[in-house]
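Numbered by numbering that gives the first Met the number 0, the letters in the sequence shown go through residues 0 to 175 in order. Just so it is clear, CB atoms sit at the ideal spot from N, CA and C, and this is done for glycine as well. Remember, predicted model here, so these are calculated numbers, not experimental data.
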Amino acid sequence: MKKITFWGLSLILLMLMSCKHEKVYNQIVKDETTGKDIYVGYVNVEGLKTEIFKDFYNNGLYNYEPNDSLVQALKPYLDDVTFRVIMGTWCTDTQEEIPRLLHVLYTAEYDPLNPEKFEMICVDRNKKAGNINVKKYNIEKIPTIILYKNGKEIGRIVERFTKRPEADLLDIVKQN
């Protein structure tokens with residue numbers, strides 16, 4: 000009986016611990032300024048295809064033409080790179096830049112659908128992301144795209160790309 004109780008309690012504890020760490024995606028709240036729906040917290044690419052963001056997503060994805068030679072130069076560097084994007088679906092820079100970033104990554108055959116390699120966190124106008132602590136990322140402007148290699152930050156793009164997405168990314172990854 001003690002053996003069954005021990006294993007039963009162990010199983011319950013394991014289930015509770017795994018639930019605690021499960022990420023919830025695409026949580027919608029009302030923007031306090033406009034009253035429109037925005038995302039707060041973790042968001043995935045599927046969330047960007049919904050009503051809240053789809054016009055911006057489609058516009059950036061289908062109306063931006065990456066420079067093929069830059070994308071091909073970028074491609075081999077991306078294998079060991081992970082991304083964390085802090086953004087706001089209410090923000091015009093996010094609406095313009097993130098779909099372009101995604102287009103470049105798709106073109107480079109990088110998988111932004113893989114949450115182990117590409118993480119997006121949406122904030123409200125006060126740079127709050129629900130129960131996610133984004134202060135530790137020292138975010139000054141939205142969006143902020145942080146690149147990591149082996150768990151170490153290797154660079155970031157703040158607010159807007161200075162050149163083209165593929166050129167800015169290439170500049171960062173070539174230095175590391």
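If we call anything under 7 Å between Cβ atoms a contact, is residue 146 one with residue 73? Numbered from its first residue, the sequence shown carries residue 146 at position 147. Numbered from its first residue, the sequence shown carries residue 73 at position 74. Their beta carbons are not under 7 Å apart, which means residue 146 does not touch residue 73 by this criterion.
Can you give me the Cβ contacts of residue 81 inside the same chain, cut-off strictly under 6 Å, excluding the 5 residues immediately before and after it? Here the question's residue 81 lines up with position 82 in the sequence shown. Excluding residues within five positions, the ones whose Cβ falls inside 6 Å are 116 and 147.
Using C-beta distances below 7 Å, list every residue in its chain close to residue 106, excluding the 5 sequence neighbours before and after it, in chain order. Along the sequence shown, one-based indexing puts residue 106 at 107. Cβ neighbours of residue 106 beyond the five flanking positions: 65 and 70.
Quick one: what's residue 41 bridged to in DSSP? Translated into positions along the sequence shown, residue 41 becomes position 42. DSSP output for residue 41 lists 24 and 120 as bridge partner(s).
Run through the region 68 to 128 for me and flag every whole alpha helix (DSSP H) of 4 or more residues, listed as ranges in chain order. 91 to 106
Helix, strand or coil at residue 171 according to DSSP, with G and I counted as helix: By one-based count along the sequence shown, residue 171 stands at place 172. Helix.
Is residue 63 helix, strand or coil when you go by DSSP? Taking the sequence shown and counting its residues from 1, one reaches residue 63 at position 64. In the structure shown, residue 63 sits in coil (DSSP, three-state: anything other than H, G, I, E or B).
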